[in-house]
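For reference, the structure discussed in these notes is given below.
There are 2 protein chains.
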Amino acid sequence: MEPAPAAPGPRLGDSRGAERAAASSSLNPTGAEAQPRRRAPAVAAVLPAGGSGERMGVPTPKQFCPILERPLISYTLQALERVCWIKDIVVAVTGENMDTMKGIIQKYQHQRISLVEAGVTRHRSIFNGLKALAEDQPDSNLSKPEVVIIHDAVRPFVEEDVLLKVVTAAKEHGAAGAIRPLVSTVISPSADGCLDHSLERARHRASEMPQAFLFDVIYEAYQQCSDYDLEFGTECLQLALKYGHINAKLVEGSPDLWKVTYKRDLYAAESIIKERISQYICIVMDTKEDENHVGHHLEEILKNELNHVKVTSGALCPPCRDLEQIILEQCYNYVCVNVMSFDFEETRRLLNMLKESNLSVLYPVVVISVYFLDYKSVPFDQKMENLMQIRDYAKEVKKRNILLCGLLIYYPQDEQKLQASLRQGATIIATLIKERNSGLVGQLLVA
Amino acid sequence: MEPAPAAPGPRLGDSRGAERAAASSSLNPTGAEAQPRRRAPAVAAVLPAGGSGERMGVPTPKQFCPILERPLISYTLQALERVCWIKDIVVAVTGENMDTMKGIIQKYQHQRISLVEAGVTRHRSIFNGLKALAEDQPDSNLSKPEVVIIHDAVRPFVEEDVLLKVVTAAKEHGAAGAIRPLVSTVISPSADGCLDHSLERARHRASEMPQAFLFDVIYEAYQQCSDYDLEFGTECLQLALKYGHINAKLVEGSPDLWKVTYKRDLYAAESIIKERISQYICIVMDTKEDENHVGHHLEEILKNELNHVKVTSGALCPPCRDLEQIILEQCYNYVCVNVMSFDFEETRRLLNMLKESNLSVLYPVVVISVYFLDYKSVPFDQKMENLMQIRDYAKEVKKRNILLCGLLIYYPQDEQKLQASLRQGATIIATLIKERNSGLVGQLLVA
């Protein structure tokens, strides 16, 4: 069978990539005719997602557990679909979760996804995914790839780098998989529940995901394998070895490849995601020219206090090109500095830009509207009543996954006290961005 | 050598425990004379804590990484020392961390801890700990235990239950260790980095901690073992097998036994700890008698919204016995309801009780001081100026690890609107308790 027509190929990096591709053709373990082609392989991915989540101790299957209100599997799909050379992504879900999965694909605007029905075991689900990719399925839009990636729905942090490594190695060796060092020693128990022997930790590895295979290798292995394999097996690399006689290439993966298994893993995943989307903060200034603008002071202090975070500034003066660019760069944190006004005009313009951009479809966007006041000379008067409207704005934009808070920063004449106020303000901004908790939207905090 | 004199023994549960103790005496694998004694064994614990934390990707060794500002190892020590039948806890730390460790013991008031110098490997550190427990150390206050627990400094969630299981099994079998099912398939690579074979997941287990040994068994094993074992070994059960010919009893552990290894594990540990200390909330009422008291409404709503959380109420009317009892029960969350007043008298009395109790030594205590106002008829006036003093109180008690916030809840005449206000207040209270972030102390939030 001919491989599928050319697809956007992996970025193999010019000549070195071409060499490898040529080398892998000549090493093609399927025995297919070695052609002197230099194009990258057509790649698809299969995700078994039929699990029940029993180890999690929660009723929802773990791939559907929410992280920042979005199901875990959506993060994994996002990680795969942003890799442009993965042409098709086939997800195997149980019949009862089919509608849930369709809803997720629609809500989070996932692309290139096909759904198949999961089997009762992991291997059967993968087999169903492979069958859908095989050319002999008449009712399918999918075409048979040269290489297929198999990944877990519950490993959301897979990077393009490791995907490329396993695909490249699979093209050369027929099969490849990510591995990690063992964290615990592995032992073999005897029948009476005592230690029989322990394995030398340095000589063993944990087999992780992603794995990749020449499609024909793994599809033939699944076609040949026994019911026992399909029922009790856990390891695709083992099938390639047993039925295709292929010793898979092992590729060292990063710690982030771990599998979300227990409730604590959900906590860890949430913290990692929160940390990642907190690494870029945009200070939106209501005026651009003045270098002594207090917004610039705040920007400097944020840069000092959050020294791992990229802090930039943009202005709302039309045509707002820099701000549009920052939104395109997926900045999820905005500090809208209002020096001259005590109203929501600037904030509303920012919120409208964010709403139009659809940025908050995947992650909650934090917007903090900052005002300056001298508490003694401007007590809680009409201006404050204006600001209390923030509750209504916050309620409205929360529906769009935008978390709006207000922050009042004292602006004393004394330079040292002002610095202290601004530092306190920066601490509150950092907390709101880090926690990203919808329970505090609409609050007016005071620094 | 005679076992050490009787120590507070494990709660073996009356007759069944006595039977086991008798049985284990007769099965004593050290060959010591089987005595018809029914007392529980003297138990000590050894914690190797000499690791460098390289896998964590941070400069601080992982056992000293802070969780809610307290080092990880302090949580592990707390888990061991609350088990009254563990007589001594020997911690092996490197020379350069000796002072850090002494500071931790003093600051968090740890008891029954002895420090020894760590070796360059895990096995050498454990051996140093065992030497300190052996009776032939003339300058030691420690006495040789019958059973020794070996645990990791970076497994903070060990429960008394599993400690008792491994100790009981060690007394019977000579050695015992906690195990867990494998999360990933384990494979064996060939020399050229390809798959040689994969292990059947169901036939293997991950060896976790705690483990327990008859002291003589493990001490003799360490005395006999080779330099190679001490340098490259990772598994104490393996030493007991190799040198003591003892097949350790394997005890199924809970998922919480996992080892904090990567940065994500610190995130997970922090979330677990935050969740645990958020399970008990005390509503402190300023008046007890009135059943229509709005504090009771708030209590009901909190009970409904947080249905896994124990919500109770206490009063500050002297002699405050119920409140003292609640503090003794280690409640870390207080909602101080002020209906009649707009000052901090009640809150200050609560804060003083908390300070005297020393409750906040181990965990940050959240105190939320709640006031009710009708925004329209009581605009931000003198009363508000009073309440702004919360910033100063919050700053002061934060030094004592108490996180104080204020919460203003609208109190409209309309019953339905009041319910909405109270629900909003409950959401904010739940957020502050869950996040436990010191960045928001001193804020006056509005529901």
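Keeping their order, the protein sequence lines are chains D and R. Just so we're aligned, residue 0 is where the first sequence starts under numbering that gives the first Met the number 0, counting upward by one. Just so we're aligned, residue 0 is where the second sequence starts under numbering that gives the first Met the number 0, counting upward by one. Glycine is no exception: its CB is placed at the ideal position from the N, C-alpha and C atoms.
Using the rule of at least 16 other Cβ atoms within 10 Å of the residue's Cβ for burial, across every protein chain shown, is residue i buried or exposed?
i	result
GLY173(D)	buried
PRO137(D)	exposed
ASN306(R)	exposed
LYS106(R)	exposed
PRO188(D)	buried
ARG81(R)	exposed
LYS309(R)	exposed
GLU364(R)	Contrary to the premise, residue 364(R) reads as Val rather than Glu in this sequence. Buried, since its Cβ has 16 or more Cβ neighbours within 10 Å.
GLU145(D)	buried
VAL119(R)	exposed
So, for residue i: in the same chain, excluding its five sequence neighbours on each side, which residues have a beta-carbon less than 7 Å away from its beta-carbon?
i	result
ILE72(D)	ALA48, GLN62, PHE63, ILE103 and ALA152
GLU434(R)	none
SER51(D)	PRO60
ASP342(D)	ASN385
GLN108(D)	VAL360
How would you write the range of the alpha helix (DSSP H) that residue i sits in, first residue to last?
i	result
ILE186(R)	Element bounds for ILE186(R): not the alpha helix (DSSP H) but the beta strand (DSSP E), 184 to 188.
HIS196(R)	Taken as a continuous stretch (DSSP letters only), HIS196(R) belongs to no alpha helix (DSSP H), being part of the beta strand (DSSP E) at 194 to 197.
ILE245(D)	Run containing ILE245(D): none; DSSP gives neither H nor E here.
ALA43(D)	Looking at the DSSP string, ALA43(D) is not in any alpha helix (DSSP H); the run it does join, the beta strand (DSSP E), is 42 to 47.
SER113(R)	Segment 112 to 116 is the beta strand (DSSP E) holding SER113(R); no alpha helix (DSSP H) there.
GLY405(R)	Run containing GLY405(R): none in the alpha helix (DSSP H); it sits in the beta strand (DSSP E), 401 to 409.
LEU301(D)	293 to 304
Beta-carbon within less than 6 Å of residue i's beta-carbon, same chain only, minus the 5 sequence neighbours each way: which residues are those?
i	result
ALA493(R)	Nothing can be reported for residue 493(R), as the shown portion of chain R is limited to 0 through 446.
ALA446(R)	ILE408, SER420, GLN423, GLY424 and ILE427
ILE148(D)	ALA44, PRO209 and ALA211
TYR74(D)	PRO155
PRO70(R)	PHE63 and ILE103
TYR279(D)	LYS309 and CYS330
Please list, in chain order, all residues of the same chain as residue i whose beta carbon is under 8 Å from its beta carbon, the five residues on each side excluded.
i	result
ARG390(D)	GLY441
ASN140(R)	SER113
ALA78(R)	PRO155, PHE156, VAL157 and GLU158
LEU350(R)	VAL366, TYR392, VAL396, ILE401 and LEU403
LEU238(R)	HIS122, ILE217, ALA220, TYR221, CYS224, ASP228 and GLY232
ALA429(R)	LEU301, GLU304 and LEU305
LYS394(R)	VAL440 and GLY441
Closest Cβ-Cβ distance between residue i and chain R: below 9 Å?
i	result
ASP195(D)	yes
ALA133(D)	no
ALA419(D)	no
ALA20(D)	Note that ALA20(D) scores a pLDDT of 38, beneath 50, so its modelled location is shaky; the value from the coordinates is reported in the next line. No, its Cβ sits nowhere closer than 9 Å to a Cβ of chain R.
ALA43(D)	no
ARG390(D)	yes
LEU444(D)	yes
SER277(D)	no
LEU213(D)	no
ASP321(D)	no
ARG81(D)	no
Consider the Cβ of residue i: report whether some Cβ of chain D lies at a distance smaller than 9 Å.
i	result
ASN332(R)	no
GLU230(R)	no
GLU158(R)	no
ASN385(R)	no
PRO254(R)	yes
ASN246(R)	yes
ILE186(R)	yes
GLY50(R)	no
ASP264(R)	yes
So the beta strand (DSSP E) residue i belongs to, where does it begin and stop?
i	result
THR311(R)	309 to 314
ASN332(R)	332 to 337
VAL166(R)	That residue, VAL166(R), is in no beta strand (DSSP E); its alpha helix (DSSP H) goes 159 to 172.
CYS83(R)	Counting along the chain, CYS83(R) falls outside any beta strand (DSSP E), and DSSP gives it neither H nor E.
ARG204(R)	204 to 213
VAL396(D)	Looking at the DSSP string, VAL396(D) is not in any beta strand (DSSP E); the run it does join, the alpha helix (DSSP H), is 389 to 397.
SER368(D)	364 to 372
TYR279(R)	279 to 284
Does the beta carbon of residue i come closer than 9 Å to any beta carbon on chain A?
i	result
ILE149(D)	Note that chain A does not occur in the displayed structure, where the protein chains are D and R.
The segment 200 to 209 of chain D / the segment 84 to 93 of chain D touching (three or more Cβ pairs under 8 Å): With a cut-off of 8 Å, the segment 84 to 93 of chain D and the segment 200 to 209 of chain D do not count as touching, because too few Cβ pairs lie within range.
Touch test, the segment 278 to 287 of chain R against the segment 325 to 335 of chain R, Cβ-Cβ under 8 Å, three pairs minimum: Yes, since at least three Cβ pairs between the segment 278 to 287 of chain R and the segment 325 to 335 of chain R fall closer than 8 Å, the two stretches touch.
Segment contact, 8 Å Cβ cut-off, at least three pairs: the segment 117 to 130 of chain R with the segment 169 to 187 of chain R: Cβ pair count under 8 Å is below three, so no.
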